[in-house]
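Q:
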Amino acid sequence: MNNTVKTDILYPESEFLLVVEAKQQGMPAAAWAEENRAFLKAAILRHRGVILRGFDCDRNGFSATAKALEPEAIDYRGGIGPRTLVAPEVYNSTELPPKHSLAQHHEMAYNAYWPMQILFFCEEPPEEGGATTLCDARRLYESLPTSLRDKFLHHGLKYVRNYTKDTPYRSIQETFGTTDPQWITEFCKKNGVQAEWHGENRLTLTQRAPAVRAHPETGTPAFFNTLVLWHYTYWSKLLGSFTGTMSSAAQGEVWQNAFYGDGTPIEDSVVADILALYEEQEVSIEWKKNDVLYFDNMLASHGRLPFAGRRKILASFRSPRYAAQSA
């Protein structure tokens, strides 16, 4: 790294989020990131994330930046987020109605593989609100009551998705890129997902994952899951924002839900307590045009605050990590 940039820690009391700002106009983000890759990779381990600010970047430049830092992109088939590919290995961010916040979660933590690193790009800053929020997964883990932490360590989590022709958010076609039952069943089997068909247009997916995982480089435990985002108490508040949804349904029939790993329901009060911890500890990133956020998906969860007006944040999911590597 040279004197073409200046650095600052956004939240110095916890050494959370390093801001690297270009001193000169017109510096390409991709070229600088490639030249300083070792520095940036070390920085996200120490600070959980890095914001590149003031660099020259567009969506194709963002694609190149992501590839320079983390050469391998993840296969997003089977993911729950509604996304559209907008550039090579670049997607739009989650298309949740703007009046809602997006709960803290770790991308694809429910899966047998997940991205170790994530990059976001601010193509168009929000007009009002719309900050991306991050939370330190190690701090969150340490904040859990010991009895609850032990319960999650012992049982893990069970994630269930139910697809019907009226499913909100993301259809079978959008999830897998096909509706072919044989292909989907084989894909799920390879990835540790139980697929159960109930006729042509109804599909139940069940998968189990730990609630806590140790980071492969630091060795420290992190509360690494998508529990709040999947739980019925969270989704029941959002269903009315989607057209054609089931306004009232038993928990077993809703779009998605999370349980303890033995299949018993997770108490609503537990989800509320965890959500409160997230909201207490999360920090906000107020976007500026062309910002690039690069962070470790196992060290930091992410979410989004409500917004009004226009907002365009793009995403790239990198460096797949497989559960077998963490066994």
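In the UniProt record's numbering, the protein residues as written are 1 to 327. Each residue gets a CB set at the ideal place from its N, CA and C atoms; glycine is no exception.
For Q173, I'd like the list of residues in its chain whose CB is within less than 7 Å of its CB, leaving aside the five on either flank, ordered along the chain.
A: The residues are T179.
Q: Thinking just about the alpha-carbon of each residue, which of L52, N36, M27, I184 is nearest to the one in E286?
A: L52
Q: Please identify the residue among E127, S93, F187, W255 whose C-alpha is closest to the C-alpha of L119.
A: S93
Q: Opposite V283 in the DSSP bridges: which residues?
A: L134
Q: Does D56 come out as helix, strand or coil in the three-state DSSP assignment?
A: strand
Q: Answer yes or no: do I9 and Y294 have a C-beta to C-beta separation smaller than 8 Å?
A: no
Q: Quick one, are the C-beta atoms of Q194 and W230 less than 8 Å apart?
A: no
Q: Do you know offhand how far S319's Cα is from A73's?
A: 6 Å
Q: Could you pull out every residue in the same chain whose Cβ sits closer than 8 Å to the Cβ of N60, ignoring the five residues on either side in sequence?
A: Closer than 8 Å at Cβ, skipping near neighbours: A87, P88.
Q: Within 8 Å, do at least three Cβ pairs link the region 257 to 264 to the region 292 to 309?
A: In short, these stretches do not touch, since the Cβ pair count stays below three.
Q: Report the rounded CA-to-CA distance for T65 versus R46, giving the unit in angstroms.
A: 20 Å
Q: Which of the three DSSP states, helix, strand or coil, is assigned to Y159?
A: Here DSSP, grouped into helix, strand and coil, assigns Y159 to strand.
Q: Which residues mark the beginning and the end of the beta strand (DSSP E) in which Q104 is found?
A: 102 to 105
Q: Write down the C-beta distance between P306 and K99 rounded to the nearest angstrom, noting that I regard them as a contact closer than 8 Å.
A: 5 Å
Q: Go ahead and pull the three-state DSSP assignment for L45.
A: Looking at L45 - three-state DSSP - the assignment turns out to be helix.
Q: Compare the C-alpha of R48 against each of A211, V160, P71, T133 and name the closest.
A: T133
Q: Could you check how far apart the C-beta atoms of R310 and S101 are, in whole angstroms? I think they sit under 8 Å.
A: Going by Cβ atoms, the distance from R310 to S101 rounds to 18 Å, so no, they are not a contact pair.
Q: Using 8 Å as the threshold, is the C-beta distance between F16 and L140 below it?
A: No, Cβ-Cβ distance for F16 and L140 is not below 8 Å.
Q: Assuming contact is defined by CB atoms lying nearer than 8 Å, are P28 and F62 in contact in what I supplied?
A: Not closer than 8 Å, so no.
Q: What first and last residue would you give for the alpha helix (DSSP H) that runs through T233?
A: 232 to 235
Q: Within the same chain, show all residues whose beta-carbon is closer than 6 Å to that of S247, passing over the 5 residues directly before and after it, in chain order.
A: Its pLDDT being 43, under 50, S247 is placed unreliably by the model, and nothing is read from it.
Q: Can you tell me whether DSSP reads P115 as helix, strand or coil?
A: strand
Q: Which stretch, first to last residue, makes up the alpha helix (DSSP H) that contains K6?
A: Where K6 is concerned, there is no enclosing alpha helix (DSSP H), although the beta strand (DSSP E) it sits in stretches over 5 to 11.
Q: Per DSSP, D296 forms a beta bridge with which residues?
A: Q117
Q: So, is W32 buried or exposed, given that buried needs 16 or more other C-beta atoms within 10 angstroms?
A: buried
Q: Can you grab the Cα-Cα spacing for the pair E196 / A22, in whole Å?
A: 52 Å
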